[in-house]
Amino acid sequence: MNGTGKRIRVLIADDSAFMRKVLQSILLADPQLEVIGEARDGREAVSLAESLKPDVITMDINMPHMDGLQATEVIMSSHPRPIVIVSSESREGADTTLKALELGAIDFVAKPSSGVDLDMNSVRDELLRKLKMAAKVRVVRTAVRPKTSQGFAAAPAPAPPPAAASVPAAPRPAPAAPAPQPGKTNGRFPIVVIAASTGGPATLMRFIPLFPKDFPGAVLLVQHMPASFTAQFSQQLGEIAAIRVKEAEPGEIVQPSQLYVCPGSHHLRLSPTGRITLDDGPRISGYRPCADVTLETVAAFAGPMTIGVVLTGMGNDSARGVQAVKGAGGHVIAQDEATCVIFGMPSEAIRTGCVDQVLGIDAIYPAVEKRVLYVFGAARVGAL
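Those letters in the sequence shown? Residues 2 to 385, per our numbering, in order.
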């Protein structure tokens, strides 16, 4: 049910009659869901989204006349409804799915390569869970992609906080200030760990461009995302970011002015010597990658120079990790409810009592920068 005792009304958009039938059979088997319409292409999806006003839409990407990416853009800019992308795991599929998430789609389910009934049943639970979660999200009209800002101290201009699931226009950068010099800190530098899940890709596309090219710390990003998507996501982030972005590799030593994206197939840990280790072992607390292990090992390595940032997402990943960061003398920032797509992960982190600041997405980078300046200042006078 959608919280009011009524069933969740779903619109299916897919050009394959067979896939529409498979999806319908999966959804109708759940008493909380009902299928109110089927669209054979993007144009029909736009029309039915407006006339039927579904609680949530499943959107295929490759469709004739108007593809799922174009349909998502039109729906989210005119009559926004929660959209869950159901797409291929191929490189091309990952690229367009991530662009759809930028445009305001809530989440995605990777369609198995062969697309047969048995394979779709393998993602049944994930599909049902994400549809039910997306139906609860309040969506708004989305805006344009962010542009890269330059220079340390690139604080955003004041603006009202966006509503959930929005991708607002990029803030204007403030005049750049000289980057702090880490020369007197015995080679140590801050390490920022960012944890994100549902709603993360669009939020990160807004947030990461605020890190300047000369950011004097390392950034580790743990985004819940399948392995087949993280390489493409790293590339997309790199196209709009000033800071260097790469998918993390085992054995490399973390360096300032570099953002490392954790591969979706592995857990990322930082060794006592500052090297990245990747572990493809089982899920931890239900997650792989698990942000908790990254936060814990970075806190053990960097101590008070650790900055944890918990962004939008469902679940409680990072709640254990932020306690380790706080215990090591580090600083923790959580995204506020008003600017989250899903306030699960930040809420669970806040409940631990270890979050220092709860901020809207536009205010988080300036807070990170302020903490970095404090850390370098404290290190120079021997306070760290």
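For every residue, glycine included, the Cβ atom is placed at its ideal position computed from N, Cα and C.
Small disclaimer: the values here were computed from a predicted structure and weren't measured.
Beta strand (DSSP E) segment containing R270, residue limits = One-based indexing of the sequence shown puts residue 270 at position 269. 268-271 is the extent of the beta strand (DSSP E) around R270.
Just confirm the distance between the C-beta atoms of V223 and G309, as a whole number of angstroms; I'd bet it's less than 8 Å.
-> Along the sequence shown, read from residue 1 onward, the residue named residue 223 stands at position 222. Along the sequence shown, read from residue 1 onward, the residue named residue 309 stands at position 308. That belief does not hold up - the Cβ atoms of V223 and G309 are roughly 11 Å apart, past 8 Å.
Taking the C-alpha atoms as reference points, what is the distance between L211 and M134?
-> Here residue 211 is taken as the residue at index 210 of the sequence shown, counted from 1. Here residue 134 is taken as the residue at index 133 of the sequence shown, counted from 1. Their backbone Cα atoms lie some 29 Å apart in a straight line.
Name the residue from D31, A197, K22 whose alpha carbon lies nearest to the alpha carbon of H225.
-> Taking the first residue of the sequence shown as position 1, residue 225 is located at position 224. Selected option, being the one with the closest Cα: A197.
Based on the DSSP output, what are the partners of R245 in its beta bridges?
-> Taking the first residue of the sequence shown as position 1, residue 245 is located at position 244. Looking at the DSSP assignment, R245 forms a beta bridge with Q259.
Spatial neighbours of D16 within its chain, please: CB distance less than 8 Å, with the 5 preceding and 5 following residues excluded, ordered by chain position.
-> Stepping through the sequence shown from its first residue, residue 16 is reached at position 15. So the list reads R41, D42, D61, N63, M64, P65, once near-sequence residues are dropped.
For I209, the three-state DSSP class (helix, strand or coil) = Against the sequence shown, residue 209 aligns to sequence position 208. In the structure shown, I209 sits in a helix (DSSP, three-state: H, G or I).
Can you have a look at A158 and say buried or exposed, based on whether 16 or more other CB atoms are within 10 angstroms of its CB?
-> Residue mapping note: residue 158 aligns to position 157 of the sequence shown, counting from 1. Because the pLDDT of A158 is 36, which lies under 50, any placement of that residue in the model is unreliable, and the question is left without a value.
Could you tell me whether the Cβ atoms of T59 and L128 are closer together than 9 Å?
-> Within the sequence shown, residue 59 is the residue found at index 58, counting from 1. Within the sequence shown, residue 128 is the residue found at index 127, counting from 1. It is a contact, given that the beta carbons lie within the stated cut-off.
Spell out the partners DSSP gives R276 in its beta bridges.
-> Here residue 276 refers to the residue found at position 275 of the sequence shown. BP columns for R276 point to I254.
Is the beta carbon of T199 sitting closer than 9 Å to the one on K137?
-> On the sequence shown, position 198 is the one that residue 199 refers to. On the sequence shown, position 136 is the one that residue 137 refers to. Not closer than 9 Å, so no.
Skipping 5 residues on each side, what residues in its chain have a beta carbon closer than 6 Å to that of A101?
-> Walking along the sequence shown from the start, residue 101 turns up at place 100. Closer than 6 Å at the Cβ level, and outside the excluded window around A101, lie L70, T73, I86.
Using alpha carbons as the reference points, say which of G328, A219, Y366 lies closest to C355.
-> Mapped onto the sequence shown, residue 355 falls at position 354. Per the Cα distances, G328.
When DSSP builds the beta bridges, which residues end up paired with V57?
-> As a working mapping, residue 57 is identified with position 56 in the sequence shown. According to DSSP, which records beta bridges pairwise, V57 is partnered with V11.
Spatial distance of A177 from P367 (CA atoms) | As a working note, residue 177 is residue 176 in the sequence shown. As a working note, residue 367 is residue 366 in the sequence shown. In this prediction, A177 scores a pLDDT of 40, lower than 50, which makes its location untrustworthy; the coordinate-derived value is nonetheless stated afterwards. Roughly 12 Å between the two C-alpha positions.
Within 9 Å, strictly: CB atoms of V359 and V326 | Along the sequence shown, one-based indexing puts residue 359 at 358. Along the sequence shown, one-based indexing puts residue 326 at 325. Cβ atoms of V359 and V326: not closer than 9 Å.
Note down, in chain order, each residue of its chain lying with its Cβ closer than 6 Å to the Cβ of H332, except the 5 sequence neighbours on either side.
-> Translated into the one-based positions of the sequence shown, residue 332 becomes position 331. Counting only Cβ-Cβ distances below 6 Å, and skipping sequence neighbours, we find I308, D357, R372.
Cβ-based burial, E51 [other Cβ within 10 Å; buried from 16] = Position 50 of the sequence shown, counting from 1, holds the residue named residue 51. Result: exposed.
Residue nearest to V140 in terms of C-alpha spacing, selected from K54, T353, T278 = For the purposes of this step, residue 140 is taken as the residue at position 139 of the sequence shown. Ranking K54, T353, T278 by Cα distance to V140 puts K54 first.
Short Cβ contact (9 Å threshold) for V294 with R270 = As a working note, residue 294 is residue 293 in the sequence shown. As a working note, residue 270 is residue 269 in the sequence shown. Yes.
Bridge partners - Y288, DSSP secondary structure assignment | What you label residue 288 is simply residue 287 of the sequence shown in a count that begins at 1. DSSP, once it has assigned bridges, lists I285 as partnering Y288.
Among the residues of its own chain, which have a CB less than 6 Å from the CB of Y288, if the five just before and after it don't count?
-> Residue 288 sits at position 287 when you count from the first residue of the sequence shown. Cβ neighbours of Y288 beyond the five flanking positions: D318.
Since A14 and A46 are thought to touch, with beta carbons under 8 Å apart, how far apart are those beta carbons, to the nearest angstrom?
-> Position 13 of the sequence shown, counted from the start, is the residue given in the question as residue 14. Position 45 of the sequence shown, counted from the start, is the residue given in the question as residue 46. About 4 Å; that satisfies the 8 Å criterion.
Extent of the continuous alpha helix (DSSP H) run through L104 = Looking up residue 104 in the sequence shown gives position 103. Neither: L104 is in no alpha helix (DSSP H) and is coded neither H nor E.
Please say whether G201 and L312 have beta carbons closer to each other than 9 Å?
-> Taking the sequence shown and counting its residues from 1, the one referred to as residue 312 is at position 311. Taking the sequence shown and counting its residues from 1, the one referred to as residue 201 is at position 200. Against a cut-off of 9 Å, the Cβ pair of G201 and L312 comes out as a contact.
Cα-Cα separation, V380 to Y261 | Reading the sequence shown from its first residue, position 379 is the one you call residue 380. Reading the sequence shown from its first residue, position 260 is the one you call residue 261. One point to set straight first is that residue 380 is Ala, not Val, in the sequence displayed. About 24 Å.
Quick one: what's got a C-beta closer than 8 Å to R352's C-beta in the same chain, skipping five residues either side?
-> Reading the sequence shown from its first residue, position 351 is the one you call residue 352. A320.
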